[in-house]
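Student: The structure follows.
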Amino acid sequence: FGALSVFSGGCTIEAAERVCNSDDDGRLDTLDALTALTDHSLVRCARSNLDQTRFHMLETIHEFAAEMLAPDERATLQRRHALYFVDLGASMGTRFTEDPDLAEVAETEHDNLRAALRWSLEGGEAAAGLRLGAALWRFWMLKSHLAEGRRWLTDLLALPAATELGPERARALLALGSVTYWQNDFRSTRRYYDESLRVFTELGDELGMAQAV
2 FGALSVFSGG CTIEAAERVC NSDDDGRLDT LDALTALTDH SLVRCARSNL
52 DQTRFHMLET IHEFAAEMLA PDERATLQRR HALYFVDLGA SMGTRFTEDP
102 DLAEVAETEH DNLRAALRWS LEGGEAAAGL RLGAALWRFW MLKSHLAEGR
152 RWLTDLLALP AATELGPERA RALLALGSVT YWQNDFRSTR RYYDESLRVF
202 TELGDELGMA QAV
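Just so we're aligned, residue 2 is where the sequence shown starts under the working numbering, counting upward by one.
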């Protein structure tokens, strides 16, 4: 019950299984636990517009659940939550324009994706944040979240640790150039693409160089 409070905007069964249980913890059957919580009206179950089962809490219950976690428990769960959604976002990546349903999935999970970006930014986890931000730019474009995406990428690239992350930084710069392109800010677009090309060239990444060119 407490572990579910790390989600924002609800979750799927798969997400609950991955985040709420550690890899070596077989004590809790996720579906049984969710069913019990639903039976006691602590969690609500609904179908998404993609016919996907999702579980969520009313805000007051969500706040109560959060209070049940010790600080170290919350930190561990937030990390697992963030890394799960970094992987989810990265898995969709370039496929956003090929599969329209993926943009709907990301829109449904938008608050969780935001939480993962916020965790990366506030915790200085530049690699995870840049990886997720670089993967989401097409979603931000398709769903008209360009201004928000620009803020996330700009802030993540400004992290001190981001300067040492060549491949991740180059891809995030490429994504930021694409975001500013769709905002018709072509001066910024060229600046970000140029910097991306410079980093890709230093890395000898020919595919990245071609994309930047």
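Glycine included, C-beta positions come from ideal geometry on N, C-alpha and C.
#1: Measure the alpha-carbon distance for arginine 81 versus glycine 124 and round it to whole angstroms.
#2: Take every Cβ of the segment 83 to 94, pair it with every Cβ of the segment 122 to 139, and state whether three or more of those distances are shorter than 8 Å.
#3: Within 8 Å, do at least three Cβ pairs link the segment 87 to 101 to the segment 40 to 53?
#4: Quick check: what's the CA-CA separation for arginine 31 versus serine 197?
#5: Would you call the CB atoms of arginine 172 and alanine 163 closer than 8 Å?
#6: Out of curiosity, what's the CA-to-CA distance linking leucine 177 and alanine 37?
#7: Looking at the unbroken alpha helix (DSSP H) that takes in cysteine 21, where does it start and where does it end?
#8: Could you check if threonine 13 is buried or exposed, using at least 16 other CB atoms within 10 Å of its CB as the buried criterion?
#9: Whole angstroms are fine: how far does the CA of leucine 154 sit from the CA of arginine 191?
#10: For a test of the three-state rule: what should DSSP assign to histidine 146, helix, strand or coil?
#11: Rounded to whole angstroms, what's the CA-CA distance from phenylalanine 140 to phenylalanine 2? Just pull it up for me.
#12: Cα separation between valine 200 and methionine 93?
#13: From Asn113, Asp186 and Gly90, pick the residue whose C-alpha is nearest to that of leucine 147; which is it?
#14: Less than 8 Å between the CB atoms is what I'm expecting for leucine 174 and leucine 158, so what's the real figure, rounded?
#15: With 16 other CB atoms within 10 Å as the buried threshold, where does threonine 152 fall?
#16: Enumerate, from N- to C-terminal direction, the unbroken alpha helix (DSSP H) stretches of 4 or more residues contained entirely within the segment 56 to 137.
Tutor: On the basis of the supplied data:
#1: 13 Å
#2: yes
#3: no
#4: Going by the sequence as given, residue 31 is threonine instead of arginine. Computed Cα separation, rounded: 43 Å.
#5: no
#6: 44 Å
#7: 14 to 21
#8: buried
#9: 16 Å
#10: coil
#11: 31 Å
#12: 24 Å
#13: Asp186
#14: 7 Å
#15: The question names threonine, but residue 152 in the sequence shown is arginine. Looking at its Cβ environment, which holds fewer than 16 other Cβ atoms inside 10 Å, arginine 152 is exposed.
#16: 60 to 68, 72 to 93, 101 to 109 and 111 to 123
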